[in-house]
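Residue numbers (the numbering used here), protein chains in the order written: chain A, 1 to 370; chain B, 371 to 928. Just so it is clear, CB atoms sit at the ideal spot from N, CA and C, and this is done for glycine as well.
In structure tokens form, the structure reads like this:
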């Protein structure tokens, strides 16, 4: 009973916020004002890098979504439709996927041939708007995204009351749910020394097969590309609650580096959640272009940079969070040598090279980028 | 060709005398019999149009000259395949008996050729050419009934003797008329082909109804009956006759005028036969042309001071062709006042608008009449009308010269060229060169002597001053349209905004009801109140959209 009371607390808070949003708009309407919903601007122009915390944060700038603006009217309606639907599902004490929500609010408007929403791509960003406007999490709106990402290693988790030992999950690992908030997921026991976050699922499978986590006494975790927020939140909690060091392993290219930066500082789009999603203490293991020389990786497994890589590399050098000298050197070196490399390139040195040589050596030497 | 020409010299050669007999003068009728395409009779479709055009133009001219509000009846009846009977009947003053046969049976007869006055026809070639065309294609004479009122009419059936260019009267009679009808009725039987495409009789009559809104035209076509009713009950100002201006006279015309003139001296010839030439100007021209009094031996006669005496007193009939050329050249060096322009009879902006209103039913119409000006000594004036929206199905340009629609040779015409210089997009219209969309552009040039590019009178020659005047008139009219359009667009824009705001009111109210419990109907009513209260006051604040163009960095999975 005690648990239940605890878990309902934030739920009621978000409930209240939804009603407040409605009341605010209705009051404006009653006063015959042009109704307006204030939203934090979620774009590069309203983002700053907080040096003290090491996180990407949302600035103070807000924009008005007003009814009497033809560019906003439809979104204004959609925002309220989604708020109303969230209130409804919360009252029913169920959670739904964001796709369910899309279908729940989709219908034809009056006598027109227009739908309230046409594509899920129309409703998804509005959910984020609503999260930012109410300063809440989508999980608190009883919404969940597709789960993505896996964990294996010496940790025991309580997931919705079920005890899960992640060292006994066979070849597939424990699938990370969309909602990993403490009311859903609790850490019962963990003996790992650190967490290795791996960009690619295939590499994760290689390490799991080699029982790398057992040999190294660590947790291995993959977000399968750009990690979903559940995965990022879990990394955040593993660090803040269990004090585990976080090491990130990605492809040696600009997209891999950006994935690392999102894990570390948070993303621009979800900057209002950086406190929960970012892990500033994370360290970057590799790959780096310097590894090619250090580990004698054959040049013929590297890939030539294309125009997009070069453009993105130049953009990234300007981001405050890539300002540390080590990163500037790495990106400059990549531009100088003109190639990038994928994690799989390490297999050129032998299939177990990554688990038996590359990672142990990097970790023992603490050869990281900040 | 007499029998004498059959006599051939033993060696087969001909004498100069024999050849002289063969080289007889070809009559004008014979010439046009062989060259009918020069007057536009180059296809069966066009032949019908030309006949209607000549008949209707003459009818309208006659009515206007007599200050009668015109009522013209036109009928085209298919007798057999590609053979038609055409009737054109007016309520004009009629033609006096002695002139009927000459007018219809002689090419180049008519008063207009020597008269300088704004009128539809200009050469007097038209109607008799139609008589000739009919007899050539059907063998039938043309029937003319004319009444000058008084209850009776003269009826002629006539042909043209092409060798002598003179009328052949097949028969004639006096018939009784009904209701004291006055006017002319002509019946042709000829080959032709009736179609209703863009350059058709129907289009011609429709455009004629636009440019002559004071005329009532009834058209009994093979496909049905069309009535073009009056939009105005007043005739435009009557044009006055003027004498030619020296700037526009060429050698041939001046030679002919010199021989026909009743003036006794060269100086009085210049002052009396031309407009804007005073005694001093005439003397200056004579001096400039180097024409002096001479004795019989051709030596210049000197005055007391030993100076030559200008040839002011020489008889016009004694002026040589060489001297005519000198005069024409000299004219260019002498400053003459521009010709008077009261000889012109524009429709006036109001009649142009009436004409467009009644025939194309637009939402908006405007017209501009420019001040008269002069090209090469001939006064002319440009009028432009622009009609937009309403029942106009597609863009159309209507060209007119002295109120006559010009349907052919648009590409060669100065009017088209001027229209193409307008940047229509600048005025809020679609279209490159020619405007697109629901717009009718009406352009009218009136002049005592419209400079056509050919005898078929279908394209105006591109004098720079004419191009300029048309362009200025178009710009002025189009500016007015542009102002109207921006008003319309503002209104359309506001209406579209209104639709958007009202469309989402219901859904918004339902959502707010779920969130707050306030009745949805109450919220919806309030939203609609806000919308209607705010619509006119709203500016383009949309420009500052909330979702500014900032790129969101990197891919992101939710």
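message: Out of B:849, B:885, B:649, which one is the CA nearest neighbour of residue 793 of chain B?
response: To locate residue 793 of chain B, count along the second chain from 1; it is residue 423. Distance from the Cα of residue 793 of chain B is smallest, within the candidate group B:849, B:885, B:649, for B:849.
- request: Verify the contact flag: residue 887 of chain B, CB atom, against every heavy atom of the ligand GTP, threshold strictly below 7 Å.
  value: The ligand content of the structure shown is nil, which means the ligand GTP is not present either.
- request: Closer than 7 Å by beta-carbon distance: list the chain B residues that pair up with residue 345 of chain A, in chain order.
  value: Looking up residue 345 of chain A in the first chain gives position 345. Simply none; closest approach about 22 Å.
- prompt: Whose CA, out of A:365, A:37, A:191, lies closest to the CA of residue 285 of chain A?
  reply: In the first chain, residue 285 of chain A corresponds to position 285, counting from 1. Nearest option by C-alpha distance: A:365.
Buried versus exposed call for residue 891 of chain B [16 or more other C-beta atoms within 10 Å across all chains shown]: Taking the second chain and counting its residues from 1, one reaches residue 891 of chain B at position 521. With fewer than 16 Cβ atoms within 10 Å of its Cβ, residue 891 of chain B is classed as exposed.
query: Does the Cβ of residue 103 of chain A have 16 or more other Cβ atoms within 10 Å, making it buried, or fewer, making it exposed?
result: Numbered from its first residue, the first chain carries residue 103 of chain A at position 103. Exposed, because fewer than 16 other Cβ atoms sit within 10 Å of the Cβ of residue 103 of chain A.
- prompt: Based on the DSSP output, what are the partners of residue 40 of chain A in its beta bridges?
  reply: To locate residue 40 of chain A, count along the first chain from 1; it is residue 40. Beta-bridge pairing links residue 40 of chain A to A:62.
query: So, is residue 107 of chain A buried or exposed, given that buried needs 16 or more other C-beta atoms within 10 angstroms?
result: Here residue 107 of chain A is taken as the residue at index 107 of the first chain, counted from 1. Flag for residue 107 of chain A reads exposed.
- prompt: Does the distance from the CB of residue 530 of chain B to the CB of residue 471 of chain B come in under 8 Å?
  reply: Position 160 of the second chain, counted from the first residue, corresponds to residue 530 of chain B. Position 101 of the second chain, counted from the first residue, corresponds to residue 471 of chain B. Cβ distance not < 8 Å, so residue 530 of chain B and residue 471 of chain B don't count as in contact.
query: With 8 Å set as the bound, which would you pick, yes or no: does the beta-carbon of residue 496 of chain B sit closer than that to a beta-carbon of chain A?
result: Your numbering for residue 496 of chain B matches position 126 in the second chain. Chain A, which has no Cβ nearer than 8 Å to the Cβ of residue 496 of chain B, makes this no.
query: Are there 16 or more other CB atoms within 10 angstroms of the CB of residue 484 of chain B, so buried, or fewer, so exposed?
result: As a working mapping, residue 484 of chain B is identified with position 114 in the second chain. Residue confidence is low: residue 484 of chain B scores 47 on pLDDT, short of 50, so the model does not pin down where it sits. Its coordinate-derived value is still stated next. Classification for residue 484 of chain B: exposed.
message: Can you check whether the C-beta of residue 49 of chain A is within less than 8 Å of a C-beta belonging to chain B?
response: Indexing the first chain from 1 puts residue 49 of chain A at position 49. Taking Cβ atoms only, chain B never reaches closer than 8 Å to residue 49 of chain A, which makes this a no.
message: Against residue 888 of chain B, what residues of chain A qualify as contacts under a CB-to-CB distance less than 7 Å, listed in chain order?
response: On the second chain, residue 888 of chain B is found 518 positions in, with the first residue counted as 1. In chain order, 26 make up the part of chain A whose C-beta sits under 7 Å from the C-beta of residue 888 of chain B.
query: Three or more C-beta pairs closer than 8 Å, one from the stretch 195-214 of chain A and one from the stretch 348-365 of chain A: is that the case here?
result: yes
query: residue 444 of chain B and residue 590 of chain B look like a contact to me (Cβ under 8 Å); what is the Cβ gap, rounded to whole Å?
result: Counting from 1 along the second chain, the entry for residue 444 of chain B is found at position 74. Counting from 1 along the second chain, the entry for residue 590 of chain B is found at position 220. Confirmed, Cβ separation roughly 7 Å.
- request: Starting from the C-beta of residue 99 of chain A, find all residues in its chain whose C-beta is less than 7 Å away, skip the five residues before and the five after it, and write them out in chain order.
  value: Here residue 99 of chain A corresponds to residue number 99 of the first chain, with the count starting at 1. 120, listed in sequence order.
query: Where does residue 814 of chain B land, buried or exposed, given buried means 16+ other C-beta within 10 angstroms?
result: Here residue 814 of chain B is taken as the residue at index 444 of the second chain, counted from 1. Its Cβ being crowded by 16 or more others within 10 Å, residue 814 of chain B is buried.
query: How close, in whole Å, do the beta carbons of residue 142 of chain A and residue 95 of chain A come, if the pair is a contact with beta carbons under 8 Å?
result: For this step, residue 142 of chain A is matched to residue 142 along the first chain. For this step, residue 95 of chain A is matched to residue 95 along the first chain. Between residue 95 of chain A and residue 142 of chain A the Cβ distance is about 4 Å, and since that is below 8 Å, they are a contact.
Start and end residues, beta strand (DSSP E) containing residue 811 of chain B: Position 441 of the second chain, counted from the first residue, corresponds to residue 811 of chain B. Boundaries of the beta strand (DSSP E) around residue 811 of chain B: 809-817.
task: Indicate whether residue 830 of chain B and residue 821 of chain B have their beta-carbon atoms separated by less than 8 Å.
output: Looking up residue 830 of chain B in the second chain gives position 460. Looking up residue 821 of chain B in the second chain gives position 451. In terms of Cβ geometry, residue 830 of chain B and residue 821 of chain B form a close pair [threshold 8 Å].
task: List the residues of chain A that residue 904 of chain B touches, going by C-beta distances under 8 Å, in chain order.
output: On the second chain, position 534 is the one that residue 904 of chain B refers to. Residues of chain A with a Cβ closer than 8 Å to the Cβ of residue 904 of chain B are, in chain order, 34, 68.
- prompt: Residues of chain B with CB under 7 Å from residue 74 of chain A, in chain order?
  reply: Here residue 74 of chain A refers to the residue found at position 74 when the first chain is read from its first residue. The answer, in chain order, is 874.
field: residue 594 of chain B burial status per 10 Å Cβ neighbour count (16 or more: buried)
entry: As a first step, residue 594 of chain B must be located in the second chain, where it is residue number 224. Under this definition residue 594 of chain B is an exposed residue.
query: Does the Cβ-Cβ distance between residue 836 of chain B and residue 784 of chain B come in under 8 Å?
result: Looking up residue 836 of chain B in the second chain gives position 466. Looking up residue 784 of chain B in the second chain gives position 414. Yes, Cβ-Cβ distance for residue 836 of chain B and residue 784 of chain B is below 8 Å.
field: Cβ shell of residue 384 of chain A (< 7 Å), same chain only, five flanking positions each side left out
entry: Limits of chain A in this structure are 1 at one end and 370 at the other, which puts residue 384 of chain A out of reach.
- request: Kindly confirm or deny that the stretch 731-738 of chain B and the stretch 703-714 of chain B touch, where touching means at least three C-beta pairs closer than 8 Å.
  value: no
task: Using a Cβ cut-off of 7 Å, pull out every chain B residue sitting near residue 317 of chain A, in sequence order please.
output: As a working mapping, residue 317 of chain A is identified with position 317 in the first chain. By Cβ distance, chain B contributes nothing, its closest Cβ being about 13 Å from residue 317 of chain A, past 7 Å.
Proximal residues of chain B, C-beta to C-beta of residue 22 of chain A below 7 Å: In the first chain, residue 22 of chain A corresponds to position 22, counting from 1. One finds 882, 885, 886 in chain B with Cβ atoms closer than 7 Å to the Cβ of residue 22 of chain A, taken in chain order.
field: Span of the alpha helix (DSSP H), counted from its first residue to its last, around residue 691 of chain B
entry: Within the second chain, residue 691 of chain B is the residue found at index 321, counting from 1. Element bounds for residue 691 of chain B: 691-701.
- request: State the DSSP-derived secondary structure class of residue 19 of chain A, mapped to helix, strand or coil.
  value: Counted from its first residue, the first chain places residue 19 of chain A at position 19. Residue 19 of chain A falls in the helix class under three-state DSSP.
- request: Excluding the 5 residues preceding and the 5 following residue 704 of chain B in the sequence, name in chain order all residues of the same chain whose CB lies nearer than 7 Å to its CB.
  value: Numbered from 1 along the second chain, position 334 holds the residue referred to as residue 704 of chain B. If we look at residue 704 of chain B and ignore the five residues flanking it on each side, its Cβ neighbours are 651, 654, 655, 658.
- prompt: According to DSSP, which residues form a beta bridge with residue 769 of chain B?
  reply: For the purposes of this step, residue 769 of chain B is identified with residue 399 of the second chain, where counting begins at 1. Answer by DSSP bridge pairing, in chain order: B:776, B:813.
query: residue 786 of chain B lies in the beta strand (DSSP E); which residues open and close that run?
result: In the second chain, counting from the first residue as 1, residue 786 of chain B sits at position 416. Taken as a continuous stretch (DSSP letters only), residue 786 of chain B belongs to no beta strand (DSSP E), being part of the alpha helix (DSSP H) at 784-790.
- prompt: Quick one: what's got a C-beta closer than 7 Å to residue 304 of chain A's C-beta in the same chain, skipping five residues either side?
  reply: As a first step, residue 304 of chain A is located in the first chain; it is residue number 304 there, counting from the start. Excluding positions up to five away in sequence, the list reads 338, 339.
- request: Answer yes or no: do residue 553 of chain B and residue 459 of chain B have a C-beta to C-beta separation smaller than 8 Å?
  value: Locating residue 553 of chain B in the second chain gives position 183, counting from the first residue. Locating residue 459 of chain B in the second chain gives position 89, counting from the first residue. Going by C-beta atoms, residue 553 of chain B is nearer than 8 Å to residue 459 of chain B.
query: So what's residue 174 of chain A in DSSP terms, helix, strand or just coil?
result: The sequence position of residue 174 of chain A within the first chain is 174, counting from 1. Residue state for residue 174 of chain A is assigned as strand, using DSSP reduced to three classes.
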